[in-house]
Each structure stands twice: as structure tokens, then as C-alpha cells.
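Novice: Sequence lines, in order, name chains A and B.
Letter by letter, the first sequence follows residues 79 to 384 in my numbering.
Letter by letter, the second sequence follows residues 17 to 564 in my numbering.
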Amino acid sequence: MGVAAIRTEGLTKRYGKVAALDHLDLDVVEGEVIGYLGPNGAGKTTTIRLLLGLIQPSEGHGEIFGLDCQRHPIEAHRRLAFVAGEANLWWSLTGAETLHLLGRVQGQVDKAYREELIARFDLDPTKKVRAYSKGNRQKLILIGALMARPDLLVLDEPTSGLDPLMEQAFRHSIHEARERGQTVFLSSHIMSEVEALCDRVGILREGRLVEMGTLAQMRHLSALTVEATFSEGSVPDLSGVPGVSSVQVDGRLVRCQVRGSVEPLLKALVAAGVTELLSREPSLEELFLAQYGVHGKSPDTSHDAS
Amino acid sequence: MQAEIADKKEAQVGRWPGTVVARLTARGAARSGVIWGSIFAIAIASSAISYSGIYKTLAQRDALAVAYGSNHATSALLGPAWQLQTVAGFTVFKVSMALMILGAVWGLLTSTRLLRGEEENGRWDLLLAGQTTRRRATAQALGGLAAGVFTLWAVASLVTVLSGLDSKVKIAAGPALYFSTAMVATAVMFLAVGALTSQLGATRRQAAAYAAAFLGVSYAVRMIADAGVGMHWLIWASPLGWVEELRPLTVPQPIALLPIIAFTMVVAAGAIHLSGTRDIGASIVPDRLATQPHLRLLSGPTGLAIRMMRPTVIGWWVAIVLSSFLYGFIARSAGATISRSSVEGLLSKLGAPGTGADAILGVCFLVLAALVAFVAANQVTAARSEESGGRLDHLLVGPLSRASWLWGRIRVAVVVVLVDGLTAGVFAWLGAASQHSQVSFTTLLAAGLNIVPPAISILGVGVLALGVWPRAAAIVVYTLLGWSLFVVLIGGIGVTSHWVLDTSVFHDMASAPAVPPNWEASGAMVAVGSLAALLGGFAFRRRDLQGE
């Protein structure tokens, strides 16, 4: 097994008594595209700033390609590029000047690819940064990161402010990066983006990593949504069936969720004379929301069958 | 019951929604108004109280009046000297021009920060999304700025009136209030000027530059009027001239309040009108939003620092060129007038003993040292601004160490203050040589070099603050600078406590060219500054980057 692109052990950041990040253990394999999810204040940006060496950990440590983030930041930074969610740039510089500066600081630029990205993201580089909209400033730092073709792309909500067309251009660029074997660490709020791009997903909650795995693994562990239609007068009470939860009855339609084996449910449905049956896996958004249910409980554990 | 409480809370939150901008602006302006008002108060009080201690006899006071009363060079520089035989006349002569300029600078910086600065940062958009219009918001902001200048006036007035109660000062409350009003008049006018230039320029820097240029022209016009070349009528063409013509504590002319009030009203009305004729974020003066790239300096963080600081550094350099040339120009005539007068005693207490042009230049170089130290403080706040604005993140996520970045900024700052110091020496010599003063080029070049070490000390302490307590870095450097000047001032009026005097970065600076530079003391200052910078750099490497 090769060196992990990102590895953290017990990485913790406390501000006074508040733990912004609490003993994070994370392994990102080289060439992997990983999604990092969590609501505001969950610790996503803190994780990234710790990995970049911009802030110091209270405990634990992090590595980028085997290099300690705090002890060898320069060597680690040679192999990565970063896109911040807030494009705070030098307002009096033009787009071209900013890209030139970022390229010189990074030390490596694929100039042909830079021009291709400028065209793909439809950016006018002759304009001053202060004349750009928020979306255009975001495009500028995206291009600044992608043009370096680094081994690791660290992206902190990179598409905030981008329109749907540019969002597609961004996805195209990440697919290209994956094909080239680059590793991508993508912190995002946009579930469809993470679902479309990422090999694995981590869900952060109050500074703790509560889920980590491929979407298939997560779905396997999560409930399956089942919708069953019955003939008039034969709607059964499924609330006692093992593994079944969140039963909702709407006339002849029953909607429920099932964990583990579906056999007991199928037997109950057949016995009751089911006429139509539909089942589907939860979306990433549903998985995410399940982690953030009311009072910390998954919504699918609530039982509201009437 | 709960619904009632909720209703009450809603009513409180929504109270006077149309005055949000005014209240926010007032809060920002009042804070600095208190600080600057305190500086005004200290300057006025120390000058008034010190007079009777320095000039004890009538003969000494007459000599002072003779020395300055008809000196056109000092009139051009500081304004005319009225009734120097009195505490009141001396106080006006000593502090009024400095406070007029200080008030104008405060006014234009505060106004452009709270108007164009807020607009540039995008916060103005949020405010304008509320229950207001662009014109109403500008009017409200001006109201808030008025509250700020009121705090400045209140602090200055309180201390002036209290100082007047001193048995040796004896200035009645009415004249004291009139004096403090005159001293904040430029602040009022330049708050309005800053509001107007905030409509003209697209950035805070542009707006401040336009307002500063207007201040420079006003000062130049007033100088010509007071230079005794038969053009005194020009005094009515300068806002600084109007304030001078108020003649507080001597021969008051309240009629001069009329142009001040009219100017403020017209300029403020112009600002309100123009704010309604443009888009948010746009400017009346066309802004070049697109240009060909200029990549020469953008090869790394140090070049970037030079590129970003260039306009400000050039602005300060021009100010130092003009000031030093002017000081050199007046040195001979001013020196001739003070020779054998009691003013020598005052200059001596300020660290510039001797007679003639050397003594005058010794004190003038103290002013230049303050300017160069201000440039150093400005470099510290610029570095902090890169960090607090989040721009430093983009540099430090590349293969660049924090130490390299900080060392690059320090190098730029040291070169800037060194160039400023030497420039002061060269241009003071040019001014002096044009009047055939017998001060050599090498003497003034050494005097210019002599004012660099205090700036290095300020820079070092600033870097230490940046490393240890970044959010307070600006407060630390500007407080140290203000305190150091204050200590030099009280040193000039006879305070001799070594403990107090040693806290000033200017205390150990020899008043060259009045006395030869003390290179050992200068070396010690550079060593202290370097050590502080080293400790600051070490702390900066180990701490979290911190936003605003």
C-alpha cells in the first residue's frame, strides 16, 4: 500500500472549552476523490486549515503524502493547491496578474491548461479583481489551483457562487483531475456535487467524523425506502414487522423504511395482498439528513404510523 | 404572556430602522473620536500649563514675542503668532496648526473608512437592503460622523476648560470652548470632504488620496497667504485659513465660522446628492476596471508587498520631500530670528541646543522622525491587513514559509524607512542650500540617517505585536508612536523622569544636526528593534493565522 495522500491521527483543535475538531482519524488514498460533509460549524474548514498548517492542532497530527503538516509545511505545500470558499484576493490586481502571482508562489503552472481553464470557465482575465462578481472571483481561485496540476487538490466549498453551467465546468475539471491520478479533498454543502464526484464520503458532526465510507457502504448500512399499494380495505399494520420503521399510511399507500433483511417485510406485504411495490436506496442528501435528525436522532427512527 | 414578550422584543429590534446607518457610523467614529480627542486635549493642556514654567518673566515673554511675532518663515509654517506674551497666545501658536492638520487627517481618514471603505467591503450593500435609500444612507452616515466629531470636541473641550481653571493659565470657559471648537473645525470640514471624495473615488485609498490632495493644496495656499509676500487675501481661499482667521484666545473673529459652516454644508450636500446619482460600488471619477497585466513585481510575496504598498509609500515619500525641503528653506531665517532669544531654551529642552539653523533643523528633524516612524507603523498594519483579510492564506498554502513572508515584509519596510530618512536629509539640504545656509550636505545626510533607528524600533515592536497579539498590532504601534511623541513633548516642557523619558523611541535619538548623531544609541535602538522583530517572527511561526 502506498503513502496516504492525507492521514490524520487524533487531530484535535480546541478554542477554549469548545472542540472545533475532536480526534479526527482520516485516511485518504492517493488518487481518491473524497467528499467532506457537515453543516456550518461542524469543523470542515478547521480540518482544512489544520492540514494546510494555517492553524496549530491542540492534539494529534496530520500528514500530507507522509509529510507532517506542521513540521514540513513547505514540502507538503509543493504537492497541493487550495481553493478557499471566500475568494479574498488583491482587489487592485487583474485576473491575469493574480493567476501569474499564484503560479509563481506555487512554483508550477501548466500554461496551456491555464488558458484552457480560462476559456472553460469563461473568465475575462483583463478585469481587476474588484470588478469581478463573487462567482468570477471564485472561478479565478479555482483556475489558480487547477492550473498547477498538483498531486492534491484541497477544495473548501469551491463552487459557492458558481452558476449551473460553471458547476458543470467544475465537475468536468475534477473528473479530469481524477483521470490524471490527482487526489481531491472536497468539502461541500452541495450533495449532488459530492454524490456525482466522490469515491468516498465523510460526514462530520460537531467536530467528530460520524460516517466514512463509499456511498454503497453507507446505503447498505442505511434504511431502504419502500412504498407499497394495497387493494381497498386490506392495508396492514406494518409497525410490528422486524426492521421496519417510519411507517406512513396515505389511503391505500403505505410508505416505510426497512433496515437489515427485507424478508419479514416481504412476507407481511404478500400476506396482505400488495398490488404494487416500489423500493429505492436513500440519496446522499437523505443519508446526510438522517445524521442530522431532530435532537440528534435519525428521522427514520421516528414512528408515526396512524 | 410569551406572545407579549415576543411582541415587545420585535418592537425593540425594529425601533428606528431608518437610523441603522447613522448609529453604526456613529459607533465607528465615536471610538476614534475619543482617542484623538484625548490627543488634542493632551497637546492643548501640556502647552498651556508648560508656558508659565518656561517663560517666567515678562522679559522672557517679550523676547519670545519679538522672536516670532514678525517671522514670516515660522508664520508660513505654523501660522501667525499673536500675543505670545500670554499663555493663550502661546498655546494657540504652539498647537493650533498641528491640531488643525491632525483634525483634518482624522476627518478624511474616518470619513473615507466609514463610507467608501464600508462600501468597498460590501457591507454597504447589506445596509442599503434595509429601509433606506442611497442618499438617505449617506445623510445618515454624515449624521453618524457628526456624532463622532462631537465626542472629539467634547473630550478636547473638557480638558481645555479644566486646564483653563489652573491659576497660572487662567482661561475662561467661554474662550476655552471657542478654542476647542476652532481646533476641531478642520475635522468637521474634512469629514465632509472625505464623504464627498468617497463618492468620487472607487476605492478607499483613492478617496483618501483625493481628500489628502485637497488638504495639501489648502495648506499650500495658507502658507503663501502667511508668507508675507503681500498675498494675505489668499487666506480666505483655504479652509485652513478660515480656521486660522477664527483667532481663538487672542483676537477672536467668529465671523470666520460662516465660510466653515457654509463649506461643510455645501460639501456634505454635494456628497449626499452624488451618492444618489451613481450605482453602489461605482464612482463618479471613471475607474479603470480592466487593464493590461503588469507582471514585473509579481514574482513573489515581497514583490507583491512592494506593488501593493507603492501608492502609499510614494505618498509618504512626497510628504517627507516637501516637509524636509520646507524645513531646510526656513531654517536660516528662523534660526537668525531665534538667536540669542529665549526660544533657544525651549529648543534646548527639546534636545536641540545651540543657535541658528542647526537648532531649528534639530527640532524639524524630530517632526521628520515622527513621519518616518509613522511610515514604519503603516507597514506593520499593512502586513496585518494581509493576514486579517484572508489574502495571506493564498500565499502560505504554497511552498512558502511564514518566516520568508514576514522577512520579506520587514525587508521592504526597512528599505522604505531608510530611503525616507536619507531623502529627508537630502531635501533638507537642498532647501537649506537654496537659502545659502551654512549646513553641510554630509551633516544633513547624517541627520536623515539618524531618524531611521526610532522607526526601526517601532517596526520591531510592531512585528512583536504581530507575532504575539496580532489583533492589537495596529493599536500597539500607533499607541507607542503617539506616546513617544507625547513624552518628547513633556520632555520639552521640563519633565525629567528618566523612567518616563526612556519609554519614548525618540528620547535617545540625538537632535541632529543641532548635535552630532549618537550612533551608539542609534545602534542600540536598531538592536532592540531587531530583537523584538526576531521574537515576533518566532511567535508568528508558531501561532494560528487570525482573521479580523
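The beta-carbon is built from N, C-alpha and C at its ideal position, and this holds for glycine as well.
Is it the case that the segment 104–113 of chain A contacts the segment 257–277 of chain A, given that we only count it when at least three CB pairs across the two stretches are under 8 Å?
Specialist: yes
Novice: If we cut at 8 Å on Cβ distances, does residue 82 (chain B) have a partner in chain A?
Specialist: Closer than 8 Å: no.
Novice: Quick one, are the C-beta atoms of residue 382 (chain B) and residue 347 (chain B) less than 8 Å apart?
Specialist: no
Novice: Select from B:343, B:251 and B:330 the residue whose C-alpha is nearest the C-alpha of residue 450 (chain B).
Specialist: Here the closest residue by C-alpha is B:343.
Novice: Near residue 297 (chain A), which residues of its chain fall below 8 Å by C-beta distance, leaving aside the five closest residues on each side in sequence?
Specialist: Contacts found: 359, 360 and 365.
Novice: Counting pairs of Cβ atoms below 8 Å between the segment 287–302 of chain B and the segment 229–239 of chain B, do you hit three or more?
Specialist: no
Novice: Leaving aside the five residues before and after residue 136 (chain B) along the sequence, list all residues of the same chain whose C-beta is less than 7 Å from its C-beta, in chain order.
Specialist: 219 and 220
Novice: Identify each residue in the segment 397–409 of chain B for which the Cβ-Cβ distance to at least one residue of chain A is less than 8 Å, and report them in chain order.
Specialist: 405, 406, 407 and 409
Novice: With a cut-off of 8 Å on the beta carbons, I'd call residue 163 (chain A) and residue 238 (chain A) a contact; round off their distance for me.
Specialist: 5 Å
Novice: Ignoring anything shorter than 4 residues or poking outside the segment 303–376 of chain A, list the alpha helix (DSSP H) runs there in chain order.
Specialist: 341–350 and 362–369
Novice: Please name the residues in the segment 120–139 of chain A whose beta-carbon is closer than 9 Å to at least one beta-carbon of chain B, in chain order.
Specialist: 127, 130, 131, 132, 133 and 134
Novice: Is the beta carbon of residue 474 (chain B) closer than 8 Å to that of residue 398 (chain B)?
Specialist: no
Novice: Which partner residues of residue 85 (chain A) appear in the DSSP bridge assignment?
Specialist: A:105 and A:141
Novice: Would you mind stating whether residue 176 (chain B) and residue 195 (chain B) have Cβ atoms separated by less than 8 Å?
Specialist: A contact, by the Cβ cut-off of 8 Å.
Novice: Determine, for residue 206 (chain A), whether the minimum Cβ-Cβ distance to residues of chain B falls below 8 Å.
Specialist: yes
Novice: For residue 291 (chain A), which three-state DSSP category applies?
Specialist: strand
Novice: Using the beta-carbon of each residue, which ones in chain B are nearer than 7 Å to residue 88 (chain A)?
Specialist: In chain order: nothing, as chain B lies at least about 19 Å away.
Novice: Assign residue 278 (chain A) to one of three DSSP states: helix, strand, or coil.
Specialist: strand
Novice: Could you check if residue 295 (chain A) is buried or exposed, using at least 16 other CB atoms within 10 Å of its CB as the buried criterion?
Specialist: Exposed: under 16 other Cβ atoms inside 10 Å.
Novice: What are the residues of the segment 250–269 of chain A that lie near chain B, defined by any Cβ-Cβ distance shorter than 9 Å?
Specialist: none
Novice: For residue 291 (chain B), name the three-state secondary structure that DSSP assigns.
Specialist: helix
Novice: In the DSSP assignment, find the unbroken beta strand (DSSP E) run with residue 234 (chain A) in it and report its ends.
Specialist: 230–234
Novice: What residue range does the alpha helix (DSSP H) around residue 191 (chain A) cover?
Specialist: 189–198
Novice: For residue 405 (chain B), tell me which candidate among A:352, A:167, A:98 and A:344 has the shortest Cα-Cα distance.
Specialist: A:167
Novice: Which residues in the same chain as residue 98 (chain B) place their Cβ atom closer than 6 Å to its Cβ, once the five residues preceding and following it in sequence are excluded?
Specialist: 105 and 266
Novice: So residue 160 (chain A) is in the beta strand (DSSP E); what residue range does that whole segment cover?
Specialist: 158–161
Novice: So residue 385 (chain A) and residue 332 (chain A) are in contact, right, with Cβ under 8 Å, and what is the actual spacing, rounded?
Specialist: Shown here, chain A extends from 79 to 384; a query on residue 385 (chain A) therefore has no answer.
Novice: Go ahead and label residue 129 (chain B) buried or exposed: buried means 16 or more other beta carbons lie within 10 angstroms of its beta carbon, across all protein chains shown.
Specialist: buried
Novice: List, in order along the chain, the chain B residues whose C-beta lies closer than 7 Å to that of residue 184 (chain A)?
Specialist: 414
Novice: Residues in the same chain with beta-carbon distance under 6 Å from residue 422 (chain B), minus the five sequence neighbours each way, listed in chain order, please.
Specialist: 553 and 556
Novice: Which residues of chain A have a Cβ atom closer than 8 Å to the Cβ of residue 306 (chain B), listed in chain order?
Specialist: 172, 202, 204, 205, 206 and 209
Novice: Using alpha carbons as the reference points, say which of B:124, B:330 and B:540 lies closest to residue 224 (chain B).
Specialist: B:124
Novice: Going by Cα to Cα distance, which pick from A:113, A:159 and A:99 is closest to residue 137 (chain A)?
Specialist: A:99
Novice: Would residue 215 (chain A) count as contacting chain B if we go by Cβ distances under 8 Å?
Specialist: no
Novice: Could you check the C-alpha separation between residue 189 (chain A) and residue 222 (chain A) for me, to the nearest Å?
Specialist: 11 Å
Novice: Taking 7 Å as the limit between beta carbons, can you name the residues of its chain near residue 247 (chain A), skipping five residues before and five after?
Specialist: 198 and 199
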